[in-house]
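See below for the structure under consideration.
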Amino acid sequence: MSPKVAVLGAGAWGTALAKTLAESHDEPVVLWSRNRELCNAVNTTRENARYLSGVLLPSNLSCDTDLARSLSGATVVVFAVPSQAVREVARGSASHLHPDACIVNATKGIESESLLFMDELLATELPDTVRHRIASLSGPSFAKELAERLPTAVVVAARDASVRSRVMRRLRTDYLRTYGSEDVAGVECGGALKNVIAIAAGGVDGIGLGYNARAALITRGLAEIVRLASARGGSSLTLAGLAGVGDLVLTCTSELSRNRTVGYELGRGRDLASVLESLGHVAEGVGTAKSAFALAGRLGVDMPITREVYQVLYEGKPVSRAMHDLTSRAPGPEFDPRAVARATLRP
21 MSPKVAVLGA
31 GAWGTALAKT
41 LAESHDEPVV
51 LWSRNRELCN
61 AVNTTRENAR
71 YLSGVLLPSN
81 LSCDTDLARS
91 LSGATVVVFA
101 VPSQAVREVA
111 RGSASHLHPD
121 ACIVNATKGI
131 ESESLLFMDE
141 LLATELPDTV
151 RHRIASLSGP
161 SFAKELAERL
171 PTAVVVAARD
181 ASVRSRVMRR
191 LRTDYLRTYG
201 SEDVAGVECG
211 GALKNVIAIA
221 AGGVDGIGLG
231 YNARAALITR
241 GLAEIVRLAS
251 ARGGSSLTLA
261 GLAGVGDLVL
271 TCTSELSRNR
281 TVGYELGRGR
291 DLASVLESLG
301 HVAEGVGTAK
311 SAFALAGRLG
321 VDMPITREVY
331 QVLYEGKPVS
341 RAMHDLTSRA
351 PGPEFDPRAV
361 ARATLRP
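Taking this note's numbering, the leading residue of the sequence shown gets 21, the next gets one more, and so forth.
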C-alpha cells in the first residue's frame, strides 16, 4: 500500500485527521508522536485513549516516535502539532521530506516570537522543493465529531490550484466535505483569531451577560478578524465562509470548545493556571491572544476585544471589568467607511 501519509502530532485533532485519512484511502497513514507510551497504546489497542478516547482507529494507521521513519516516502504531510512547536518539528522534518510531498498545515495560531502565522513559519523552515506546495486547512471542525464520522466541512487554502485540488481530493470522504480557497492569509487569520474571540465569548457566558451580549461579541470579533486579515492582504469574503463565520460560531458557542471553556471558567472566577491544568489539552487561544495583540500593534489594527482578552490573560484584569470597558467605548460606525469603499464593486 503506497504512497503514504504522515500526520505529525498525536493530539485529538491530529489523531482525528489521521483516522479520516486512513479510512478514505487504502494506504498506510503514520501518526507521529514524541510520546512512546502513547504510540505503543495506539498500535496495540487501536485507540488514543489520552486525547480521543472511545474511537477505534483503523488497521492501516500506525503510530511512530521516529520522525525520519514517519516521513519516509510520505507524499502528504500534515502538521497538527501545537503552534509553538511547529518551528521545531518543521526543522526536524526538513531533511526527511519527500521532494513531491504536499504539506498541509492543520495548526491554528501565531508564533509568539516572530508573530508569523503557521503557513509563513513553515515556508521559512521547509526546503524549496516543497515550499510552494503548502496548503492550510481550516473550518468548523471539532476532532471528536470528525472522528465519529459526523458531517463536517472544511476549507483548503493554497495559492497553487493543483496543490489545492490534490489536498482536497485526499481529504474528501462521504462525511468530510472540502472547499477550496486561494486566500491563505484570510484562512490562516480566521483559524487563529477565532480562538481568541472564543475566550471572550466564554467569559461573557461565565459572568452571565446573556445571549445578546454573546452574539454582539461574536459579530464584533469577526470585524476584528476581518481588519487584521485585510491588513495582511486577506479577503473579507473569506471570513464570511467556513474559516471565518463557520469556525467562529462553532468555537464561541460549543461546550466542546477548549478556548471557550478557558474564558467561561475565568468568568466564573477561577485563575488561569488552574483552568489550564484541568483542561488536559492545549487551548491555542491563550498563546494566540498575546501574539495577536502584539501583531495588531505592529500593523496598527484596532482590535479592542483582543486587547481585553490579552489583559485578562496576562495582566490579571477581571472579566467583568474587561466587558465593562468594551461596552462603554465611544460609539462609532459599524463598518469602516474606507473598508466599505474598498469592498464596493465597480464596473
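Glycine included, each C-beta is placed from N, C-alpha and C at the ideal position. Every value quoted in this text rests on a predicted model; they were computed, and no experiment measured them.
Return the residue from the list the options that minimises the CA-CA distance to residue i.
i, options, result
"Ala218", "Ala303, Val176 and Asp148", "Ala303"
"Cys83", "Leu41, Ala30, Gly93 and His118", "Ala30"
"Arg190", "Glu43, Val216 and Phe162", "Glu43"
"Gly289", "Arg151, Glu108 and Gly223", "Gly223"
"Thr156", "Glu133, Thr127 and Ala181", "Checking the displayed sequence, the identity of residue 156 turns out to be Ser instead of Thr. Ser156 has its Cα closest to that of Thr127, out of Glu133, Thr127 and Ala181."
"Arg111", "Val321, Ile325, Gly211 and Ala143", "Ala143"
"Ala312", "Gly93, Asn215, Thr149 and Leu262", "Asn215"
"Glu57", "Glu133, Arg70, Val50 and Leu242", "Arg70"
"Ala167", "Ala235, Leu76, Gly317 and Gly283", "Leu76"
"Val295", "Gly305, Pro78, Gly307 and Thr281", "Thr281"
"Met343", "Ala233, Cys272 and Ala212", "Ala233"
"Arg89", "Ile325, Glu328 and Leu51", "Leu51"
"Ser274", "Ala221, Ala293 and Leu262", "Ala221"
"Thr40", "Ser79, Asn55 and Ala61", "Ser79"
"Arg341", "Pro353, Arg327 and Gly352", "Arg327"
"Lys337", "Phe137, Asp291, Ser115 and Gly230", "Asp291"
If you draw a straight line from the C-alpha of residue i to the C-alpha of residue j, how long is it?
i, j, result
"Met323", "Leu333", "16 Å"
"Pro48", "Phe162", "24 Å"
"Ser348", "Glu285", "24 Å"
"Leu141", "Thr65", "35 Å"
"Leu146", "Ser103", "16 Å"
"Ala361", "Phe355", "Any reading at Ala361 must be qualified, since the residue scores a pLDDT of 45, below 50, and its modelled position is unreliable; the value itself is stated next. Computed Cα separation, rounded: 10 Å."
"Leu135", "Gly74", "37 Å"
"Ala350", "Ala236", "16 Å"
"Leu259", "Asp46", "35 Å"
"Leu117", "Leu315", "31 Å"
"Arg186", "Val106", "23 Å"
"Val97", "Gln331", "37 Å"
What are the boundary residues of the beta strand (DSSP E) that includes residue i?
i, result
"Ser82", "Leu81 to Asp84"
"Ala181", "First-last for Ala181: Ala181 to Leu191, but that is the alpha helix (DSSP H), not the beta strand (DSSP E)."
"Ile217", "Looking at the DSSP string, Ile217 is not in any beta strand (DSSP E); the run it does join, the alpha helix (DSSP H), is Val204 to Gly226."
"Leu51", "Val49 to Trp52"
"Thr172", "Thr172 to Ala177"
"Arg197", "Leu196 to Ser201"
"Leu157", "Ile154 to Ser158"
"Thr95", "Ala94 to Phe99"
"Val25", "Lys24 to Leu28"
"Val150", "Here Val150 belongs to no beta strand (DSSP E); instead the alpha helix (DSSP H) covers Asp148 to Arg151."
Short of 6 Å in beta carbon distance, which residues of its chain neighbour residue i, apart from the five on each side in sequence? Order them along the chain.
i, result
"Gly34", "Val27 and Ala100"
"Gly287", "Gly223, Gly226, Ile227 and Val339"
"Ser255", "Asp203 and Gly206"
"Gly200", "Val176, Arg184 and Met188"
"Ser277", "Ala218 and Thr271"
"Thr149", "Pro119"
"Tyr195", "Arg169 and Pro171"
"Lys24", "Pro48, Gly93 and Ala94"
Between which residues of its own chain and residue i is the CB-CB distance below 7 Å, once the five residues before and five after are set aside?
i, result
"Val183", "Cys122, Arg153 and Ala155"
"Asp139", "Asn125, Ile154, Ser156, Val204 and Glu208"
"Gly307", "Ser103, Gln104, Gly129 and Ser132"
"Cys59", "Ser53, Cys83, Asp84 and Thr85"
"Asn63", "Ser82 and Cys83"
"Gly264", "Gly210, Leu242, Ile245 and Thr258"
"Thr198", "Val174, Val176, Met188, Leu191 and Arg192"
"Gly261", "Val175"
Taking the continuous alpha helix (DSSP H) assigned at residue i, which residues delimit it?
i, result
"Lys39", "Ala32 to Ser44"
"Val329", "Pro324 to Glu335"
"Ile130", "Careful: Ile130 lies outside any alpha helix (DSSP H) and carries neither H nor E."
"Asn55", "It is not in any alpha helix (DSSP H) - Asn55 carries neither H nor E in the DSSP assignment."
"Val295", "Leu292 to Leu299"
How many whole angstroms separate the CB atoms of residue i and residue j, which I take to be in contact at a CB cut-off of 8 Å?
i, j, result
"Ser113", "Leu91", "6 Å"
"Pro171", "Gly266", "Incorrect: roughly 13 Å between the Cβ atoms, too far for contact."
"Val321", "Arg247", "5 Å"
"Leu268", "Ile238", "6 Å"
"Ile325", "Leu346", "7 Å"
Among residues of its own chain, excluding the 5 on either side of residue i, which ones have a beta-carbon nearer than 8 Å to its beta-carbon?
i, result
"Asp180", "His152 and Arg153"
"Val109", "Leu28, Gly29, Leu87, Phe99 and Val101"
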